[in-house]
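Trainee: Protein chains in written order, with the working numbering: chain A, 510 to 1009; chain B, 1289 to 1611. Structure in structure tokens, see below.
Quick look at the structure:
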């Protein structure tokens, strides 16, 4: 079967009225639940997993996938509107998106996110259709040493996340690393900073941390100065402005798509990096990097695209190798197994209708998201016109529900409250929480891969340079550190020559 | 006189109480029952619970709600269940980790896996698989032992974490055969299996590897249970492969907090036993490569006690701690 025939089979499967309905239902339900603060894709899919059990496997799977990217998209919507990132990738979306919303450019930001995601989704779908099996094999080349070097590269690039003082950003990243230490050490089994509290054995819940630092802290900050905030409803720009700035952001969207598609394939945590990496890249390429953090459209479009492309390509290791790259994919495998389908290389040959139908439905689902959300932009934006004294309690209550439902844990809600206070203190000190969160996410992964690589090499650090992929990434990281330093030296020299 | 009245009242009260108790058990359940899954949705434990819950609900005439309460290797949920009301409305899926290993691995647990629970029924008995990357130069257990002995410095094995059943099973194999490959712990089965398939780590013992063996991504050297696996009938058991005395099975069962009336335990035992006999359920578990168990509450209680003894000695021998 050549590609055209396969795609034809895929569309034939995905375009049956029944599957179209389930795709639409999934996207719609996913969006509606995903917009609730704190409910990211993983809890949404987990909650709705049983819905798929009664359906035929293909329909159930198409619906679950729809729920997945619907929830992802819905999460971006509230991250932009009210600064509530429910998961790590939405943190980056909130950085520029929320600033745009505060300036009355919410419509533009939402339209940009929708169109950027659609373009990224389209490209990533084609990548899956064309290259899934070889890409999955390539992903397996990434062992502990490679992941460690990738994380080093990510952390160094992440200094770009700081829009203010670099010193403060580094301090925040280190606090994040320290918070990331809490919990059971994977390598030795030792408990670190858990004080015998079972709820801390798995570490600090990222939802509680992210929602506390961003969402609730923002509410508190707004209560400080109620006259600012969203008094600018009258000037809220709509769709048209979004489409206008699309041309400006096109390069960012394509770059973000490329980064996301590549990192999404890596099962060991690559997708988590994609939106951070895209943001860092956009800032580096920008002519005015100092404006990042104040609502720059490139800083929203790039990461949103990267995030969506990564979400799409993270299906590759699951579909072709039966290996889940994130909790959502683990749920998907569970859903397949309950229908008696063993995910793995045989899915493509034994269940061609499922495989190609899913791929076709990914594209259709992305199209539906745009069609669904562009008209909704106006509605979402009107949410901001709500009186603030009504919106605030609602945000806090729904945030608490979201955090609680993540693992049915009251402890996480207490953590949310603690981090909210901490987040408010950080706002007052003009420290940005984004580097903290990146340190929190990358730190433990970096440590785990470093120690695993050293265990496997029996303590020989040369392994990071002997393995070519790892060596190249460390080299790029070194260049990233050295190049600004070099350009400073060169400038000094030129200045010296001028003085002569 | 007053005293007598008080006594009568007390007697009548006790009588009334026991009458209402009897009727409470007779009419149980009168409201939805919660089945707590101590792990995140999507894993084997969750699938088992979600397969059984709706059918159990039909049999009991009240819905059975599955509640996922993940954290600390299942011990958070288990701690909560241990102190839950013994009225029969809170039950959990317990497994080899929560009710036989964790109590000896974690030092801060407040529950006792035997005294604080009323075992209801053993639901599964899962044989694990010793798998190796196809590049490894050993095609059976004996060759693997020879390889490990001739080259003790380079061989490693992966596991889904410190103190996991997979870790203990391999340590058990090490102690019986005298080999010493280095333990490389991961955070869960999936990433560990990924690295074995990719060849970064040569081998591991795990329960979820069957599909990867079937499609050739891994080779299976032995199953850890007492009988061969239906899914892979060509793979010998450890004992058949020459490792005497080696048996290791993972398991799940339904647990009540201690003190739940025997009538209720019996009722649930019978209902779940019938469910495990249904062909549809058998087929579904066969697809998941999960062996079904069953039996009486007493059998399950004896089994849990024996498992506790065995796991404690394995944990002590391997020196695993989480504190």
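Beta carbons: idealized from backbone N, C-alpha and C, even for Gly. Every value quoted in this text rests on a predicted model; they were computed, and no experiment measured them.
1. Classify residue 614/A as buried or exposed, calling it buried when 16 or more other Cβ atoms lie within 10 Å of its own Cβ.
2. On the DSSP bridge list, what partners appear for residue 1405/B?
3. Looking at chain B, is there any beta carbon in it that lies within less than 8 Å of the beta carbon of residue 886/A?
4. Could you tell me if residue 756/A is buried or exposed, where buried requires 16 or more neighbouring beta carbons within 10 angstroms of its beta carbon?
5. What would DSSP say about residue 524/A, mapped onto helix, strand or coil?
6. For residue 696/A, go through chain B and note every residue whose CB falls closer than 7 Å to its CB, in chain order.
7. With contact counted as at least three CB pairs below 8 Å, one residue from each stretch, are the stretch 711–725 of chain A and the stretch 922–930 of chain A in contact?
8. If we count Cβ pairs, one from each stretch, closer than 8 Å, do we get three or more for the stretch 1372–1382 of chain B versus the stretch 1478–1489 of chain B?
9. Counting along the chain, where does the alpha helix (DSSP H) carrying residue 1530/B start and finish?
10. Going by beta carbon distance, what residues of the same chain come within less than 8 Å of residue 1520/B, once the five residues before and after it are set aside?
11. Run through DSSP, which three-state label would residue 1539/B get?
12. In three-state DSSP terms, what is residue 743/A?
13. Examine chain B for any beta-carbon lying closer than 8 Å to the beta-carbon of residue 711/A, and answer yes or no.
14. Give the residues of chain B in contact with residue 980/A, contact being defined as C-beta atoms less than 9 Å apart.
15. Which one or two residues does DSSP pair with residue 1445/B in a beta bridge?
16. Shorter than 8 Å from the beta carbon of residue 708/A to some beta carbon of chain B?
17. Counting only runs that start and end within the stretch 618–694 of chain A, where is the alpha helix (DSSP H) found for 4 or more residues in a row?
18. For residue 1513/B, which residues from the same chain have a beta carbon less than 6 Å from its beta carbon, with the 5 sequence-adjacent residues on both sides left out?
19. Grab the span of the alpha helix (DSSP H) containing residue 954/A for me, first residue to last.
20. Less than 8 Å between the CB atoms is what I'm expecting for residue 1543/B and residue 1369/B, so what's the real figure, rounded?
21. With a cut-off of 8 Å on the beta carbons, I'd call residue 1331/B and residue 843/A a contact; round off their distance for me.
22. Using a 10 Å radius around the Cβ and a threshold of 16 neighbouring Cβ atoms, would you call residue 598/A buried or exposed?
23. Using a Cβ-based criterion (distance less than 7 Å to any ligand heavy atom), does residue 824/A qualify as near the ligand COA?
24. Going along the chain, which residues of the stretch 955–989 of chain A sit with their C-beta nearer than 8 Å to a C-beta in chain B?
25. Please classify residue 1602/B: does DSSP put it in a helix, a strand, or coil?
26. Comparing alpha-carbon positions, which option in 759/A, 911/A, 637/A and 880/A lies nearest residue 550/A?
27. Determine which residues share a DSSP beta bridge with residue 1570/B and list them.
28. Would you say the stretch 793–805 of chain A touches the stretch 843–863 of chain A, given that touching needs at least three Cβ pairs under 8 Å?
29. Output the residue ranges of the alpha helix (DSSP H) runs that lie fully inside the stretch 841–925 of chain A and measure 4 residues or longer, sorted by chain position.
30. Among the residues of its own chain, which have a CB less than 7 Å from the CB of residue 889/A, if the five just before and after it don't count?
31. Could one say the Cβ of residue 1367/B lies closer than 8 Å to chain A's Cβ atoms, at least one of them?
32. Please return the same chain residues whose Cβ sits closer than 6 Å to the Cβ of residue 684/A, not counting the five positions on each side in sequence.
33. Within the chosen definition, does the stretch 762–777 of chain A reach the stretch 577–584 of chain A through at least 3 CB pairs nearer than 8 Å?
34. Determine, for residue 1459/B, whether the minimum Cβ-Cβ distance to residues of chain A falls below 8 Å.
35. With 8 Å as the threshold, decide whether the Cβ of residue 1357/B is near any Cβ in chain A.
36. Roughly how many whole angstroms lie between the Cα atoms of residue 929/A and residue 1427/B?
Mentor: In brief:
1. Along the first chain, read from residue 1 onward, the residue named residue 614/A stands at position 105. Classification of residue 614/A: buried, given that the 10 Å Cβ count is 16 or more.
2. Locating residue 1405/B in the second chain gives position 117, counting from the first residue. Beta-bridge pairing links residue 1405/B to 1545/B.
3. Within the first chain, residue 886/A is the residue found at index 377, counting from 1. So no, residue 886/A is outside the interface.
4. To locate residue 756/A, count along the first chain from 1; it is residue 247. Burial check for residue 756/A: the Cβ neighbour count within 10 Å stays below 16, so the residue is exposed.
5. One-based indexing of the first chain puts residue 524/A at position 15. Under the three-state reduction of DSSP, residue 524/A is assigned to coil, being neither helix nor strand.
6. As a first step, residue 696/A must be located in the first chain, where it is residue number 187. Against chain B, the beta carbon of residue 696/A has neighbours under 7 Å at 1473, listed in chain order.
7. The stretch 711–725 of chain A, when compared against the stretch 922–930 of chain A, does touch it at the 8 Å Cβ threshold.
8. The stretch 1372–1382 of chain B is not in contact with the stretch 1478–1489 of chain B.
9. For this step, residue 1530/B is matched to residue 242 along the second chain. Where residue 1530/B is concerned, there is no enclosing alpha helix (DSSP H), given that its DSSP letter is neither H nor E.
10. By one-based count along the second chain, residue 1520/B stands at place 232. Closer than 8 Å at the Cβ level, and outside the excluded window around residue 1520/B, lie 1417, 1498, 1501, 1502, 1508 and 1511.
11. Residue 1539/B sits at position 251 when you count from the first residue of the second chain. Strand.
12. As a working mapping, residue 743/A is identified with position 234 in the first chain. No answer about residue 743/A holds up, because its pLDDT of 40 lies below 50 and its placement is not dependable.
13. The residue you call residue 711/A lines up with position 202 of the first chain. At a cut-off of 8 Å between C-beta atoms, residue 711/A counts as an interface residue with respect to chain B.
14. Stepping through the first chain from its first residue, residue 980/A is reached at position 471. Near residue 980/A there are no residues of chain B at all, since even the closest Cβ is about 17 Å away, more than 9 Å.
15. Numbered from its first residue, the second chain carries residue 1445/B at position 157. DSSP, once it has assigned bridges, lists 1471/B and 1491/B as partnering residue 1445/B.
16. Along the first chain, read from residue 1 onward, the residue named residue 708/A stands at position 199. It does: the Cβ of residue 708/A has a partner Cβ on chain B nearer than 8 Å.
17. Runs of the alpha helix (DSSP H) lying entirely within the stretch 618–694 of chain A and spanning at least 4 residues, in chain order: 653–666 and 675–690.
18. Here the question's residue 1513/B lines up with position 225 in the second chain. The residues 1415 and 1537, in chain order, have a CB closer than 6 Å to that of residue 1513/B in the same chain once the five nearest residues on each side in sequence are set aside.
19. Start at 1 with the first residue of the first chain, and residue 954/A comes out as number 445. Residues 942–965.
20. For this step, residue 1543/B is matched to residue 255 along the second chain. For this step, residue 1369/B is matched to residue 81 along the second chain. Confirmed, Cβ separation roughly 7 Å.
21. The residue you call residue 1331/B lines up with position 43 of the second chain. The residue you call residue 843/A lines up with position 334 of the first chain. Going by Cβ atoms, the distance from residue 1331/B to residue 843/A rounds to 7 Å, so yes, they are a contact pair.
22. Residue numbering aside, residue 598/A sits at position 89 when the first chain is read from its first letter. Flag for residue 598/A reads buried.
23. You won't find the ligand COA in this model; it holds no ligand whatsoever.
24. Per Cβ criterion, the list reads 957, 961, 964, 965 and 967.
25. The residue labelled residue 1602/B in the question sits at position 314 within the second chain. Helix.
26. Counted from its first residue, the first chain places residue 550/A at position 41. Among 759/A, 911/A, 637/A and 880/A, the Cα nearest to that of residue 550/A belongs to 911/A.
27. As a position in the second chain, residue 1570/B is number 282, starting the count at 1. None; residue 1570/B has no bridge partner.
28. Taking 8 Å as the limit for Cβ pairs, the verdict is that the stretch 843–863 of chain A does not touch the stretch 793–805 of chain A.
29. As far as the stretch 841–925 of chain A is concerned, its whole alpha helix (DSSP H) runs of at least 4 residues are 855–859, 861–892 and 897–916.
30. The count along the first chain starts at 1 and reaches residue 889/A at position 380. Excluding sequence neighbours, residue 889/A sits near 586, 590 and 619.
31. Your numbering for residue 1367/B matches position 79 in the second chain. By this cut-off, residue 1367/B is an interface position.
32. Residue numbering aside, residue 684/A sits at position 175 when the first chain is read from its first letter. Excluding sequence positions up to five before and after residue 684/A, its CB lies within less than 6 Å of the CB of 945, all in the same chain and listed in chain order.
33. With the cut-off at 8 Å, the stretch 762–777 of chain A and the stretch 577–584 of chain A do not touch.
34. Along the second chain, one-based indexing puts residue 1459/B at 171. Contact of residue 1459/B with chain A is not assigned, every C-beta pair being separated by 8 Å or more.
35. Within the second chain, residue 1357/B is the residue found at index 69, counting from 1. In terms of beta-carbon proximity, residue 1357/B lines the interface with chain A, with at least one pair separated by less than 8 Å.
36. Residue mapping note: residue 929/A aligns to position 420 of the first chain, counting from 1. Residue mapping note: residue 1427/B aligns to position 139 of the second chain, counting from 1. Taking the straight line joining both Cα atoms gives about 56 Å.
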